[in-house]
Amino acid sequence: FRINLGHKDSLNPRDLIGLINRCTHKRNMDIGKIDLMNTFSFFEVDQKYAGDVLAGFRGIEYNQRNVIVEMQEAGAEQQRETTKRPGYESRRDR
């Protein structure tokens, strides 16, 4: 799953686990890998809980920010944050 919260939102793995547990009302759900980025994060849960996760996060706010959770396909390339300067092109001829 991809969630639109990250380090910028003062989110840490423990907070994310607590948020998942509160929103899904499933304290026995195994949570796998968590990958926190600056403005978004990825987390894994068993596929059988996918509906619970999507439904549980509907309409939720975290630190006055609307939370958006999207399903990430297995094996999908994870988007990484990049900083691009306007008008700057990388030079491959160096």
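Here the working numbering is used: the first residue of the sequence shown is 141, the next is one more, and so on. Ideal placement from N, C-alpha and C gives every residue a C-beta, glycine not left out. Here the structure is a predicted model, which means the values were calculated and not measured.
Per the DSSP calculation, residue i is bridged to which residue(s)?
i, result
"L176", "S181"
"Y202", "R205"
"E210", "R142"
"I171", "V185"
Taking only the alpha-carbon atoms, compute the straight-line gap between residue i and residue j and give it to the nearest angstrom.
i, j, result
"N203", "R154", "15 Å"
"F141", "H165", "17 Å"
"D149", "L159", "13 Å"
"K173", "T179", "17 Å"
"E217", "M211", "In this predicted model, E217 has a pLDDT of only 47, less than 50, meaning its place in the structure is not dependable; the value taken from the coordinates is given anyway. If I take the Cα positions, the gap works out to 13 Å."
"D186", "N144", "20 Å"
Between residue i and the rest of its own chain, which residues show a CB-CB distance below 6 Å, the 5 nearest in sequence each way excluded?
i, result
"N161", "R167"
"Y189", "M169"
Less than 7 Å between C-beta atoms, sequence neighbours within five positions excluded: which residues of the same chain meet that for residue i?
i, result
"F197", "C163, V207 and V209"
"A195", "none"
"D192", "T164 and K166"
What residues in its chain sit with their C-beta under 8 Å from that of residue i, if we drop five residues either side in the sequence?
i, result
"L250", "This structure cannot speak to residue 250, because the chain is shown only from 141 to 234."
Consult DSSP for residue i and reduce its assignment to one of helix, strand or coil.
i, result
"R154", "helix"
"H165", "coil"
Quick one: measure Cβ to Cβ for residue i and residue j, integer angstroms, because I've assumed they're closer than 8 Å.
i, j, result
"I171", "F183", "6 Å"
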